[in-house]
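Numbering (our numbering), first residue to last: 1 to 196.
Note that CB positions come from ideal geometry on N, CA and C, so glycine has one too.
Treat the numbers as computed from the prediction; the structure is a model and nothing was measured.
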Amino acid sequence: SPSGNQVAFIDHASSLDNAGSVVVVGRDGRKTILAPDYLAAEGLAWRPSGDEIWYSAAKSGTRYDLRAVTLKGKERLIYSQSSSMVLHDIAKDGRILVSDSRIRVKLLFRGPGESRDRDLSWLDWSLVTSLSPDGKWAAFAESGDGAGEQSQVYVRETTGKPAVRLGPGGDPNFSPDGRFVVAADPNLSIYPLGTG
(Lines of atoms letter the chains of each structure in order from A; the text may use other names.)
(Lines give C-alpha, C1' and ligand atoms only; values in the text may rest on other atoms or scores of the structure.)
Protein backbone atom coordinates (compact mmCIF):
# COMPACT_ATOMS: atom_id res chain seq x y z
CA SER A 1 0.00 0.00 0.00
CA PRO A 2 1.16 3.63 -0.39
CA SER A 3 1.44 3.83 3.41
CA GLY A 4 3.45 0.62 3.62
CA ASN A 5 1.07 -0.86 6.23
CA GLN A 6 -0.65 -3.46 4.05
CA VAL A 7 0.04 -5.79 1.16
CA ALA A 8 -2.65 -6.56 -1.43
CA PHE A 9 -2.63 -9.59 -3.71
CA ILE A 10 -4.87 -11.93 -5.65
CA ASP A 11 -5.21 -15.20 -3.77
CA HIS A 12 -5.47 -18.12 -6.19
CA ALA A 13 -6.78 -21.05 -4.15
CA SER A 14 -5.78 -23.59 -6.81
CA SER A 15 -2.67 -23.76 -8.94
CA LEU A 16 -4.77 -25.36 -11.70
CA ASP A 17 -6.69 -22.22 -12.73
CA ASN A 18 -6.72 -18.44 -12.30
CA ALA A 19 -9.81 -18.13 -10.11
CA GLY A 20 -9.15 -15.89 -7.15
CA SER A 21 -10.02 -13.28 -4.56
CA VAL A 22 -8.57 -9.85 -3.76
CA VAL A 23 -6.94 -10.00 -0.34
CA VAL A 24 -5.05 -7.62 1.96
CA VAL A 25 -2.73 -8.53 4.82
CA GLY A 26 -1.70 -5.99 7.46
CA ARG A 27 1.52 -5.81 9.48
CA ASP A 28 -0.27 -7.81 12.19
CA GLY A 29 -0.63 -10.73 9.75
CA ARG A 30 -4.43 -10.52 9.62
CA LYS A 31 -5.79 -11.56 6.23
CA THR A 32 -8.95 -9.84 4.90
CA ILE A 33 -10.77 -10.97 1.76
CA LEU A 34 -12.12 -7.84 0.06
CA ALA A 35 -13.47 -9.16 -3.25
CA PRO A 36 -14.12 -12.92 -3.26
CA ASP A 37 -14.73 -15.63 -5.80
CA TYR A 38 -13.81 -14.33 -9.24
CA LEU A 39 -13.75 -17.01 -11.92
CA ALA A 40 -10.57 -15.40 -13.27
CA ALA A 41 -8.39 -12.65 -11.77
CA GLU A 42 -5.01 -11.24 -12.74
CA GLY A 43 -3.31 -7.89 -12.24
CA LEU A 44 -3.64 -5.66 -9.19
CA ALA A 45 -2.41 -2.22 -8.04
CA TRP A 46 -3.11 0.27 -5.26
CA ARG A 47 -4.76 3.56 -6.15
CA PRO A 48 -2.25 6.31 -5.21
CA SER A 49 -4.58 7.62 -2.48
CA GLY A 50 -4.48 4.19 -0.80
CA ASP A 51 -8.26 4.05 -0.40
CA GLU A 52 -8.89 1.49 -3.18
CA ILE A 53 -7.27 -1.49 -4.81
CA TRP A 54 -7.76 -1.79 -8.56
CA TYR A 55 -7.62 -5.15 -10.31
CA SER A 56 -8.66 -6.98 -13.46
CA ALA A 57 -11.04 -9.90 -13.06
CA ALA A 58 -13.94 -11.82 -14.59
CA LYS A 59 -17.11 -12.93 -12.79
CA SER A 60 -17.74 -15.39 -15.64
CA GLY A 61 -15.75 -16.48 -18.66
CA THR A 62 -12.25 -15.16 -19.22
CA ARG A 63 -12.85 -11.53 -20.20
CA TYR A 64 -11.31 -9.38 -17.50
CA ASP A 65 -12.91 -6.05 -16.60
CA LEU A 66 -11.14 -3.28 -14.71
CA ARG A 67 -12.55 -3.21 -11.17
CA ALA A 68 -11.91 -1.58 -7.79
CA VAL A 69 -12.60 -2.47 -4.17
CA THR A 70 -12.35 -0.30 -1.05
CA LEU A 71 -10.71 -1.50 2.14
CA LYS A 72 -14.24 -2.05 3.49
CA GLY A 73 -15.06 -4.43 0.62
CA LYS A 74 -17.23 -2.16 -1.55
CA GLU A 75 -16.65 -3.21 -5.16
CA ARG A 76 -17.21 -1.21 -8.33
CA LEU A 77 -16.74 -1.66 -12.06
CA ILE A 78 -14.36 0.92 -13.53
CA TYR A 79 -14.21 -0.09 -17.19
CA SER A 80 -15.39 -2.92 -19.43
CA GLN A 81 -14.71 -3.64 -23.08
CA SER A 82 -15.32 -6.45 -25.58
CA SER A 83 -11.85 -7.94 -25.08
CA SER A 84 -10.00 -8.81 -21.91
CA MET A 85 -7.67 -6.30 -20.25
CA VAL A 86 -5.04 -6.87 -17.57
CA LEU A 87 -4.00 -4.16 -15.11
CA HIS A 88 -0.23 -3.88 -14.61
CA ASP A 89 0.30 -0.68 -12.60
CA ILE A 90 -1.04 2.71 -11.50
CA ALA A 91 1.32 5.72 -11.55
CA LYS A 92 1.38 8.28 -8.71
CA ASP A 93 -0.42 10.76 -10.99
CA GLY A 94 -3.27 8.25 -11.60
CA ARG A 95 -2.33 7.03 -15.08
CA ILE A 96 -2.86 3.30 -15.46
CA LEU A 97 -0.98 0.67 -17.45
CA VAL A 98 -3.17 -2.07 -18.92
CA SER A 99 -2.70 -4.58 -21.70
CA ASP A 100 -5.34 -5.77 -24.14
CA SER A 101 -5.43 -9.54 -24.05
CA ARG A 102 -7.09 -11.96 -26.46
CA ILE A 103 -6.49 -15.54 -25.41
CA ARG A 104 -8.08 -18.69 -26.75
CA VAL A 105 -7.35 -22.33 -25.97
CA LYS A 106 -7.67 -24.67 -28.93
CA LEU A 107 -8.01 -28.44 -29.03
CA LEU A 108 -6.04 -30.10 -31.85
CA PHE A 109 -6.00 -33.84 -32.59
CA ARG A 110 -3.85 -35.98 -34.86
CA GLY A 111 -4.65 -39.68 -35.07
CA PRO A 112 -2.37 -42.59 -36.01
CA GLY A 113 -1.14 -42.32 -39.60
CA GLU A 114 -2.52 -38.79 -40.05
CA SER A 115 -0.20 -36.03 -41.23
CA ARG A 116 -2.28 -33.02 -40.19
CA ASP A 117 -3.94 -31.80 -37.00
CA ARG A 118 -7.74 -31.68 -36.80
CA ASP A 119 -9.23 -28.72 -34.90
CA LEU A 120 -11.68 -30.10 -32.35
CA SER A 121 -12.10 -26.80 -30.48
CA TRP A 122 -15.69 -26.09 -29.53
CA LEU A 123 -16.10 -22.73 -27.80
CA ASP A 124 -13.29 -20.38 -26.76
CA TRP A 125 -11.45 -22.36 -24.04
CA SER A 126 -11.38 -26.05 -25.08
CA LEU A 127 -9.03 -27.56 -22.52
CA VAL A 128 -8.63 -31.29 -23.17
CA THR A 129 -7.74 -33.54 -20.25
CA SER A 130 -8.49 -37.07 -21.43
CA LEU A 131 -8.86 -39.37 -24.43
CA SER A 132 -11.07 -42.44 -24.34
CA PRO A 133 -9.16 -45.74 -24.10
CA ASP A 134 -9.85 -46.43 -27.80
CA GLY A 135 -8.79 -42.88 -28.82
CA LYS A 136 -12.14 -42.16 -30.49
CA TRP A 137 -13.35 -39.51 -28.02
CA ALA A 138 -11.82 -36.48 -26.32
CA ALA A 139 -13.08 -35.16 -22.97
CA PHE A 140 -12.55 -31.46 -22.34
CA ALA A 141 -13.79 -28.55 -20.28
CA GLU A 142 -14.97 -25.17 -21.56
CA SER A 143 -14.46 -22.40 -19.01
CA GLY A 144 -14.19 -19.30 -21.19
CA ASP A 145 -16.81 -16.72 -22.08
CA GLY A 146 -18.76 -19.29 -24.10
CA ALA A 147 -19.30 -21.50 -21.05
CA GLY A 148 -20.89 -18.77 -18.94
CA GLU A 149 -20.61 -18.63 -15.17
CA GLN A 150 -19.56 -22.25 -14.65
CA SER A 151 -17.10 -24.51 -16.43
CA GLN A 152 -18.82 -27.14 -18.60
CA VAL A 153 -17.72 -30.69 -19.50
CA TYR A 154 -17.92 -31.91 -23.10
CA VAL A 155 -16.99 -34.98 -25.11
CA ARG A 156 -16.33 -34.96 -28.82
CA GLU A 157 -15.56 -37.68 -31.31
CA THR A 158 -12.07 -37.28 -32.68
CA THR A 159 -13.56 -37.57 -36.19
CA GLY A 160 -14.83 -34.01 -35.72
CA LYS A 161 -18.55 -34.62 -35.10
CA PRO A 162 -20.23 -31.95 -32.93
CA ALA A 163 -19.38 -31.91 -29.22
CA VAL A 164 -21.84 -33.15 -26.60
CA ARG A 165 -22.21 -31.22 -23.33
CA LEU A 166 -22.37 -33.52 -20.31
CA GLY A 167 -22.85 -30.92 -17.57
CA PRO A 168 -20.97 -28.65 -15.17
CA GLY A 169 -17.46 -29.43 -14.04
CA GLY A 170 -13.82 -29.35 -14.91
CA ASP A 171 -10.84 -31.66 -15.44
CA PRO A 172 -12.91 -34.46 -17.07
CA ASN A 173 -11.41 -37.95 -17.36
CA PHE A 174 -12.67 -41.15 -18.98
CA SER A 175 -13.18 -44.24 -16.87
CA PRO A 176 -10.90 -47.18 -17.80
CA ASP A 177 -13.77 -48.86 -19.70
CA GLY A 178 -14.65 -45.63 -21.55
CA ARG A 179 -18.30 -45.71 -20.43
CA PHE A 180 -18.17 -42.76 -18.01
CA VAL A 181 -16.53 -39.37 -17.61
CA VAL A 182 -15.58 -38.23 -14.12
CA ALA A 183 -15.34 -34.47 -13.51
CA ALA A 184 -14.85 -32.11 -10.56
CA ASP A 185 -17.31 -29.24 -10.03
CA PRO A 186 -15.83 -28.93 -7.21
CA ASN A 187 -17.49 -32.17 -6.09
CA LEU A 188 -17.04 -35.26 -8.21
CA SER A 189 -19.62 -35.88 -10.93
CA ILE A 190 -19.88 -39.10 -12.93
CA TYR A 191 -21.44 -38.69 -16.37
CA PRO A 192 -22.54 -41.79 -18.34
CA LEU A 193 -21.72 -41.69 -22.06
CA GLY A 194 -24.67 -43.87 -22.96
CA THR A 195 -28.16 -44.14 -21.55
CA GLY A 196 -28.29 -43.79 -17.79
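- request: Please determine if the segment 108-119 and the segment 78-97 are in contact, where contact requires at least 3 C-beta pairs separated by less than 8 Å.
  value: no
- request: Determine the burial state of Ile103: buried for a count of at least 16 other Cβ atoms within 10 Å of its Cβ, exposed for fewer.
  value: exposed
task: Would you kindly check if the distance between the Cβ of Val181 and the Cβ of Val155 is under 8 Å?
output: yes
query: Would you say Leu87 and Leu66 are within 8 Å of each other, going by their C-beta atoms?
result: yes
message: Check this for me: beta carbons of Gln150 and Pro176, under 8 Å apart or not?
response: no
- prompt: If you compare alpha carbons, which of Val98, Ser84, Met85, Ala139 is closest to Leu108?
  reply: Ala139
- prompt: How big is the Cα-Cα spacing for Tyr55 and Pro192?
  reply: 40 Å
query: Below 8 Å between beta carbons: does that hold for Gly144 and Leu123?
result: yes
task: Output the residue ranges of the beta strand (DSSP E) runs that lie fully inside the segment 53-81 and measure 3 residues or longer, sorted by chain position.
output: 65-70, 75-79
message: Taking only three categories from DSSP, how would you classify Asp51?
response: coil
task: Report the partner residues of Ser126 according to the DSSP bridge assignment.
output: Glu142
field: As assigned by DSSP and simplified to three states, the class of Ala183
entry: strand
query: Are Ala41 and Gly20 closer than 8 Å when you measure CB to CB?
result: yes
task: Kindly indicate which three-state DSSP category Ala41 falls into: helix, strand or coil?
output: strand
- request: Quick one: residues in its chain with C-beta nearer than 6 Å to the C-beta of Ser84, no 5 flanking neighbours on either side, listed in chain order?
  value: Arg63, Tyr64, Ser101
message: Please classify Gln152 as buried or exposed, where buried requires at least 16 neighbouring CB atoms within 10 angstroms.
response: buried
message: Is the separation between the beta-carbon of Ala35 and that of Val24 shorter than 8 Å?
response: no
query: Does the Cβ-Cβ distance between Thr70 and Asp51 come in under 8 Å?
result: yes
- request: Please state whether DSSP places Ala225 in a helix, a strand or coil.
  value: Residue 225 is absent from the model: the chain starts at 1 and stops at 196.
- request: Return the chain-ordered list of same chain residues with a C-beta closer than 7 Å to the C-beta of Val105, the five sequence neighbours on each side being excluded.
  value: Trp125, Ser126, Leu127
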